[in-house]
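In what follows, a structure is listed as structure tokens, so that the remarks can point back to it.
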Amino acid sequence: ERFQDAFNVRHCALSLVGEPIMYPRINEMIDELHKREISTFLVTNAQFPDAIRNLQPVTQLYVSVDAANKDALKEVDRPLFKDFWERFIGSLEALRDKGQR
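Start counting the sequence shown at 1066; every next residue gets the next number (the numbering used here).
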């Protein structure tokens, strides 16, 4: 029974390679997973606040926080955007406003 149960997907991690919220059909994917009663776990690097605002609710939403201040984040992450800190703060605010865990 446990062997057969292992073939039933229950959880899906949307993370690890790239920024999952930038996938153009991420909301469709989340909806489909939830229709199949599969929980969703998404990790974001907090550089796309508008995408976070537009993201469908997921089971668990996490932010990678790699440093405690702007200078350290710049050194550790080597960000792509000049306004990386503003994007980071905007993403945290978007997460707060969503009111989901």
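C-beta atoms are modelled at their ideal positions from N, C-alpha and C, and glycine is treated no differently.
Length of the line joining the Cα atoms of residue i and residue j
i	j	result
Leu1145	Glu1066	48 angstroms
Ala1159	Ile1086	13 angstroms
Arg1143	Gly1164	29 angstroms
Asp1136	Lys1100	42 angstroms
Ile1169	Ala1111	Within the shown structure, residues of the chain are numbered from 1066 to 1166, placing residue 1169 beyond reach of any answer.
Asp1131	Val1141	7 angstroms
Lys1139	Arg1152	13 angstroms
Tyr1088	Ala1071	28 angstroms
Arg1161	Phe1068	40 angstroms
Leu1157	Arg1118	10 angstroms
Residues that residue i bridges to, as DSSP identifies them
i	result
Tyr1127	Val1108
Ala1078	Phe1106
Proximity to residue i [Cα-Cα], best of the options
i	options	result
Asp1096	Glu1084, Leu1157, Arg1161, Leu1120	Leu1120
Pro1114	Leu1138, Trp1150, Val1141	Trp1150
Leu1098	Asp1162, Val1074, Lys1139, Ile1117	Val1074
Cys1077	Arg1090, Asp1148, Asp1070, Glu1102	Glu1102
Ser1050	Asp1148, Phe1068, Ile1091	Only positions 1066 to 1166 of the chain appear in this structure, which leaves residue 1050 out of reach.
Pro1122	Val1082, Met1094, Asp1148, Glu1084	Met1094
ask   = Quick one: any contact between the region 1124-1138 and the region 1101-1109, if contact means 3 or more CB pairs under 8 angstroms?
value = Three or more beta-carbon pairs separated by less than 8 angstroms link the region 1124-1138 to the region 1101-1109, which places the two stretches in contact.
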